[in-house]
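Taking the working numbering, the leading residue of the sequence shown gets 6, the next gets one more, and so forth.
Ideal Cβ placement from N, Cα and C applies to all residues, glycine included.
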Amino acid sequence: MTPVQPVRGTQSLLGEDADRLAAVVAAFDRVRRLYGFKRVEVPTIEHTAVFARTIGETTDVVSKEMYSFEDRGGESITLRPEFTAGICRAYLSEGWQQYAPLKVTTHGSAFRYERPQKGRFREFHQLDAEIIGAAEPQADVELLSFGYQLLQELGIAEGITLELNTLGDPETREAWRASLVDYFQTHRGDLSEDSVARLDRNPLRILDSKDAKDKAICAGAPNVDEYLTAEASAFFAAVTAGLDAAGVPWKRNSRLVRGLDYYRHTAFEFVTDRLGAQGTVIAGGRYDGLIEALGGPHTPAVGWAAGVERLAMMIDAPEPLRPAVVVVPLGGRAELQGQRIVAGLRREGVAADMSYRGNMKKRLGRANDAGAAYALIIGDDELDRGEAQLKDLGTGEQRAVSLDLLTEAIAR
Ligand code: ATP
Ligand code: MG
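In structure tokens form, the structure reads like this:
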């Protein structure tokens, strides 16, 4: 390792690649305002217990992927692997309960120690949306509409499917879990090593396995529908009716479970086949038990998280901002005039640049490459006349303009 190597699974981005991430975040911020979601900020670090208790000790995230360390005071601290747990911690510690039902969003880095590959990083970025303190299925519908509109806004809704499932209420989940354990016991010998371990600790997670052998066994596993209580069925029916009314297309996937332990009722993923194995762009569901796991009162809630890098890979490249004019000063006096003009244009809200290196041909070439509409050429002798040459880079036409009238001329 040398000091100039990046940490594995991290990215440093320039220009268009960075603009893509920013475009995803900007669209998210526009849509969340339309839906009346407040913005929150939560820390990058939390006490390790915040994640261990909520996400679940048996999940991959907690058992293998967390960046945890002991700080100088001897406390176990973890870099957030996701946002939900930290937002729920803040909901309890910051008195946000008084605002329930609380619709909030945030975005930023998350950290997981996993094997880096296309669409999978160790530091990545998530968009996060939560409705806390709402038990109604209409909250699930609102949150899913939000996700769908975000994809529409990004111009990628066409290639993405909303896969929807219910995990039922605690009674449903228990009964389904017991029958899954029975079923997988009879196939124990053919399961992957990871899934054999899950069998004792977290059998639902076997359904989420990416192993081909496991997948084949999962195809014959008992279906959650056989265990749904009347209440759980009614809840799911209200969610799907709401989605239909709101014009959000969805597809039932009765095998879908979420990797984290805290889900109840609605579970969903927006998936695409355009990103290879990393096809889930938004994932979430209802997590009515999470806040209790943190020691708070029973608080129903629903939320999702989206992978910014995965969305950014799918969108069209954002248009770079083209300067309206590039000033090309020739000589020291012209450079000072150039600085005055460029600063004035930018203050007026006109994108402008100054080209101060190389010969005239090079400078005009670069102005052209940047997509500028005009070049403003300022030479010392023209300056004496209070003039400069304005060259239309599209047509090649060039005319003298008075420096005083310049701002007006460019605005026209
Ligand atoms: P996966 O099955 O791809 O590992 P997950 O179930 O672990 O995903 P969640 O915890 O639900 O993912 O996170 C929500 C979203 O964040 C994912 O759908 C994905 O878009 C994104 N995401 C998760 N882990 C990563 C990562 N390591 N790199 C990039 N994006 C990620
Ligand atoms: Mg994962």
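With burial defined as no fewer than 16 other Cβ atoms inside 10 Å of the residue's Cβ, what is the status of His112: buried or exposed? buried
Cβ-heavy atom distance, Arg117 to the ligand ATP, below 7 Å: yes
Cβ neighbour criterion (16 or more within 10 Å) applied to Phe241: buried
How about Asp65: is its Cβ closer than 7 Å to a heavy atom in the ligand MG? yes
I think Glu274 touches Leu295, with their Cβ atoms under 8 Å apart; what is that distance to the nearest whole Å? At roughly 18 Å, the Cβ-Cβ gap does not stay under 8 Å, so Glu274 and Leu295 are not in contact.
Here's the rule I'm using: 16 or more other beta-carbon atoms within 10 Å means buried, otherwise exposed. How should Thr15 be labelled? exposed
With a threshold of 7 Å on Cβ separation, who are the neighbours of Val244 within its own chain once the five nearest residues in sequence on each side are excluded? Pro142, Asp145, Val146 and Thr271
Give me the Cβ distance between Leu172 and Val253, rounded to the nearest whole Å; I'm assuming they're in contact under 8 Å. With 8 Å as the limit, Leu172 and Val253 do not qualify as a contact, their Cβ atoms being about 20 Å apart.
Beta-bridge partners of Pro334, as assigned by DSSP: Ile383
One or two residues paired with Asp199 in a DSSP bridge: Bridge partners of Asp199: none, in fact.
Close Cβ partners of Arg125 (< 7 Å) along its chain, the five nearest in sequence each way excluded: Glu119 and Gln283
Pull up the distance between the alpha-carbon of Arg203 and that of Gly290, whole angstroms please. 21 Å
Residue range of the alpha helix (DSSP H) that Arg368 falls in? Met365 to Asp374
Could you check which residue in Arg279, Gln157, Pro86 and Trp309 has the C-alpha nearest to that of Leu169? Trp309
Here's the rule: buried if 16 or more other CB atoms are within 10 angstroms of the residue's CB, otherwise exposed. What is Phe189? buried
Taking all protein chains shown into account, decide if Phe74 is buried (16 or more other Cβ within 10 angstroms of its Cβ) or exposed. exposed
Could you give the DSSP three-state label for Thr166: helix, strand or coil? strand
Provide the residue(s) that pair with Ser73 in DSSP beta bridges, ordered along the chain. Thr83
If you pair each beta-carbon of the segment 82-98 with each one of the segment 45-57, do three or more pairs fall below 8 Å? yes
Roughly how many angstroms separate the alpha carbons of Lys220 and Glu87, rounded to a whole number? 26 Å
Alpha carbon to alpha carbon, how far is Arg35 from Ser184? 45 Å
Pick out whichever of Gly370, Arg58 and Thr53 has its Cα sitting closest to the Cα of Tyr72. Thr53
Compare the beta carbon distance of Ser360 and Val331 with 8 Å and say whether it is the shorter of the two. yes
Just to check my reading of the structure: Asp418 and Thr234 have Cβ atoms closer than 8 Å, yes? What is that Cβ distance to the nearest angstrom? There is no way to answer for residue 418, as the model of the chain reaches only from 6 to 417.
So what does DSSP say about Glu141, is it helix, strand or coil? coil
Helix, strand or coil: which one does DSSP assign to Glu46? coil
Whole angstroms are fine: how far does the CA of Arg352 sit from the CA of Leu212? 58 Å
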